[in-house]
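Have a look at the structure below, then the notes.
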């Protein structure tokens, strides 16, 4: 069932091959030395099958496009601009609404669960037989998680995880199959509700970013292929350039809704996606973020019966801190390394949907059991505060008027636990409680990330960090003579949370802003930034960021922002792919069909030459549309009334152009000619062969290209640089390294 | 004295011509219709004299450069990266320190002044003869302003104004003469202290941005030409690319210090400067901003005897709002229009330094007189609060225990007045007081901006906006039946301030973030953004932003972020400059000297061809260094021991390359040949002639180019696109407009 989709099948196959190669080599050799082309010949067959399409961020400025643009009046452009703003507003609104639904659903489900379990525990604490409570808790958790895992594993595997790696890839310019579909969104939302309510060590923040992106992709296209509904609006935006811009806005709106951090959202989008700073686009992104936070706030304030009180933005906010320490990303690196091996294990052995569901249920049950055991054996009793700040205070074996401190950490949604760790007064936790909690939660979170459920890693990271940060603060207060000055464990918890999160995900700039916005206090900016930088530097020394690991494991041709520093000795000649399949300006249909059908090359862009000098570039998708509409020179002559092909025909086919196999071309038609002049991009970007790699990289990245033609001094095509040619160079510990990637 | 600098002289001459043309036409025709080339033939001679150099953001990747890069080890790049971070830290620290000095100096000087005047007023209120107080006040003001105006007018005219237009131009890629020199910084700092202490309607925030930029330019180059001191460090950074990056960081640090808004600073720099989003650069900019805020805070907290209390960042902070209205930018547009005509008047008539100083003193005296009159005739007495929140409460003719409300607005530094308007409880001001204050302050601020003193327009704009915003709030509360809900005039003051500032300067994104960070409350984000957007839209309908007006009046070839929407019908062929002066790969020295000496063309970049196809691009500055070192083929043969030219020689000459006239080339040498192969950039970016203007624009802007070669299908050079070719197209009210600009 899961393999009915061919792309996915190929993708899985490819990942298996790659992992096989990774596992067959000792980790030492794969990290330390140049991986040359020849040494991985065995995997080459495999990576050729694997198809990750790239996005075309560069407009194909062919005659049709230019004619349309020239026909359009000044007012027309104004209208387009206004619709862009309207779409961004809609994206923000819908994203905020989704966040609101998730929040309310999780609150209610988790509240119900904890209420039932608490009642049960209180009942059995006196009469004995707490094992029944344990079973109840474990069964409830597993049931929730089962639902979440089943829908993800059987209906839409693309909705697994936080979705942030996928969105990162999309914004980077790589099309991940099925990532921005409506079905993915629905499964994602239901899945995240189930997994958080099921008590897994996960957060609901990461999936918001994915949800925002899906909303954006859907709204901006004015149609849904899943629902087979076309509203016939926003047709102008049906191309990669515009769609990617809106998806950036959606991701930003997601961050904004998740953390109440509109500026952080904008920076996240820019950090991950935008290559060329576009001022109007950034404003629109910011607008979407603002609307999203505002919507979430507004509806939550109504839900909480305090309409108009907009002071607590975001799904999680850390509360306000009323006002240092340099900690490191070692734990983050450890987390990532463990998760790396776990992921490889999973890819190898746990790939059947049934197994995936069972693993998820197992984790849920283990989480409940471990939590219960920790609470059961803990003897850290704290007096109940006068304001009853705990949500579900478990008395258990404590004296009357006291509650079990371990339970505030375990018997709660992770968001609330984080807030308790930040804000509970000094002395609320024993050092022993905190150490045990950190240790167990660390392993639980590590095991949980990568399960086939929709879930984020932000909150668990924050929670682990907050726990050991607070522990550190308590210890520091104990050993310093003038303990009172340093005795603000909540601050250490915040710094620890920042360090842990930074060590795991490694997004410095946007993360700083997100943290600052979530704490609502700019004075923490500098320490948070220093902590994050330290965590990044220390973590990078050992292993990459979690998202990057997962991206790399999928062998996505991910382009970083700059070429490796020591790559000036490489030139376009060495980097480019050659020879290149070129077409003549007027080409035989048979030739075109043969080239497109050739699965061994599977190119997407073809330079057009006359007679040898380059005069244009045409895309596979354009050729397919031309073949489908049989735009042949001979037919045009015979049937004069034939409708001229419009830009609309290309837009209607976007984004799922049919494969070449589905287009029937008869033997007669194969002898016809096609005139590409009108449809090719007459001014593709070109570089000379001697151009250095950083220069090629800069041009490619700044303009979001998909194909860059390399020419010699007479403008003859000598090669083609694509994403995979650039993505395979990266800076390792010992200088430039080259690796093999999936074909673009 | 002022005209000893030739560039400045030319610049003034050019502006006069331009203004003459502007004034000779009726404003209607110059706004409403296409200004074609022919209609301004009269001014053409003039604009040819005017020289604004562009910055080269594109590295010239010649053989020397590539060799150096290839020689450099991985560790070398690490060291460079670390020094970049160190420099950014230094920039932040020094900028914060300067902000701190300015703040303390202004506080003390203004405090002294107000103390003296207050004593005097109190003395004469009883015995009569308040005119003596008036004279004292006016004389004190004029004296301060005179000092400020004299140093600016006579020593460094480049330090006049806020410096923000100049920094905008610099970040945009236009080299404004003398803008990042040490002397400018010193004059700027002293000037701003004097003008704020002198009671002008100005702020000290704008000049901080300029100061930060100068600090950055100085620190990053590791030498000062003014002090004739070369520390022999950071030599690698002596080129336009690196220097501009650091100047971005400096500007961000300036914003950050001025408003306590590090994120706002980063966004300001990105909005104005960065074209290509560079992640590492952005982190460094953010780091500089953080350090800057932190430094300012730290030293101010020590100064205020509260060391470690870092809760009030920035030179101005609005205080914290405890948690709508859509207002418009009409007043902003009016301000800009008035200031536009005033500036033209000033450029025409007030250009002698003596006159400028006298005008500044006149404004100072008038400001004092008007303020005094307003206070004198006001009868808005308010009871003194228990906590004595006013800094200099003037009793004047009020009853005991009361103070004059008008005086809180006028008898204070503008920063404090803004805060009073935001935070004083409802009822602190009469509507009449506010209207009178708004009206007079509006005209005073408008008159003041553009005086030959260093001063910013942020605070006066905020003050005007706050006053009428509060007025609006009071009126709204009066007319609504349930007045109490809306009766928070401070919020209206904030919105009014945002609207007024937005209407005047029109920086939406960074301004929103700055305002949000300065208020310290993210819930105001959405209303502030909406208000700013409205103000921008309304304001843009009437007239451009203040900074843009001033940039345009100086006829700077400023590139906006995108090509005008309706410019798809233009191609590179129509836009480019042709014919182009090309050199051969091995060229006669005489030819080169003749071309460089030709003042009528004055090109800066020359394509190198072999025999007709393009094979490189060489810059004027490079040729000058080659000529200076007499790198001739014949000499190399005869003197084999001659030192090979190094990249260091080019760096030492940077940024003030000698003019061609100062290089003596004998008649014999003129017959020698020069081999340009090693020094030219062998892979300049090229475009075909048919490329549309938006495509050319995008390439040019994204990569920060200075020259873009236009080639035909055989790679022959047919034209050269420079900044001025692109900057002359802009979108007017009725579609595309073309205008004549100064030659780049």
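Residue numbers (my numbering), protein chains in the order written: chain A, 9 to 752; chain B, 9 to 752. Ideal Cβ positions, reconstructed from N, Cα and C, are used throughout, including at glycine.
First and last residue of the beta strand (DSSP E) that includes residue 391 (chain B)? 389-391
Got a sec: which bits of the stretch 564-593 of chain B sit with their beta carbon under 8 Å from any beta carbon on chain A, in order along the chain? 569, 570, 573, 574, 576 and 577
Is the separation between the beta-carbon of residue 502 (chain B) and that of residue 477 (chain B) shorter than 8 Å? yes
Can you name, in chain order, every residue of its own chain whose Cβ lies under 6 Å from the Cβ of residue 113 (chain B), other than the five neighbours on each side? 201
Which residue wins for smallest C-alpha separation from residue 172 (chain B), given the options B:196, B:155 and B:149? B:196
Is the distance from the Cβ of residue 181 (chain B) to the Cβ of residue 63 (chain B) below 8 Å? yes
Could you tell me which residues DSSP puts in a beta bridge with residue 738 (chain B)? B:745
Give the C-beta separation of residue 295 (chain B) and residue 96 (chain B) to the nearest angstrom, bearing in mind that I take them to be a contact with Cβ-Cβ under 8 Å. 5 Å
Straight-line gap, residue 519 (chain A) to residue 538 (chain B) (C-alpha atoms, nearest Å): 26 Å
With DSSP collapsed to three states, give me the class of residue 614 (chain A). strand
Nearest neighbour of residue 677 (chain A), chosen from A:123, A:596 and A:705 [CA to CA]: A:596
For residue 67 (chain A), which option in A:175, A:370 and A:77 has the closest C-alpha, if you only look at C-alpha atoms? A:77
6 Å CB neighbourhood of residue 470 (chain A) in its chain, flanking five on each side removed: 426, 505 and 509
Does the beta carbon of residue 707 (chain A) sit closer than 8 Å to a beta carbon anywhere in chain B? yes
In chain A, what lies closer than 7 Å to residue 78 (chain B) by C-beta? 576 and 577
Leaving out the 5 sequence neighbours to the left and right, which residues in its chain are closer than 7 Å to residue 685 (chain A) when beta-carbon positions are compared? 593
For residue 412 (chain A), which residues does DSSP report across the bridge? A:389
Reduced DSSP secondary structure (H/G/I, E/B, other) of residue 288 (chain B): helix
One or two residues paired with residue 725 (chain B) in a DSSP bridge: B:719
Are there 16 or more other CB atoms within 10 angstroms of the CB of residue 176 (chain B), so buried, or fewer, so exposed? buried
Once you ignore the five residues that flank residue 246 (chain B) on each side, which residues in its own chain have a CB closer than 7 Å to its CB? 229, 659 and 662
Residue 232 (chain A) to residue 673 (chain A) span [Cα, whole Å]: 30 Å
Quick check on DSSP: helix, strand or coil for residue 276 (chain A)? helix
Interface partners of residue 723 (chain B) on chain A, CB under 7 Å: 721, 722 and 723
Closer than 8 Å to chain B by CB, residue 270 (chain A): yes
Contacts that residue 69 (chain A) makes with chain B (C-beta to C-beta distance below 7 Å): 700 and 703
Backbone secondary structure at residue 654 (chain B) - three-state DSSP: coil
Is there a C-beta anywhere in chain B that falls below 8 Å from the one on residue 145 (chain A)? no
Around the C-beta of residue 609 (chain B), are 16 or more other C-beta atoms found within 10 angstroms, so that it is buried, or is it exposed? exposed
Report the residues of the stretch 168-188 of chain A with a CB closer than 8 Å to any CB of chain B, ordered along the chain. none
Any C-beta of chain B within less than 8 Å: which residues of the stretch 289-304 of chain A qualify? 290, 291, 294, 295, 298, 299, 301 and 302
Return helix, strand or coil for residue 183 (chain A), following the three-state DSSP convention. strand
In whole angstroms, give me the CA-to-CA distance for residue 694 (chain A) and residue 617 (chain A). 13 Å
Here's the rule: buried if 16 or more other CB atoms are within 10 angstroms of the residue's CB, otherwise exposed. What is residue 140 (chain A)? exposed
Scan the stretch 621-633 of chain B for residues whose Cβ lies nearer than 7 Å to a Cβ of chain A and list them as they occur along the chain. 621 and 623
Should the stretch 138-158 of chain B be called in touch with the stretch 236-252 of chain B, which here means at least 3 C-beta pairs below 8 Å? no
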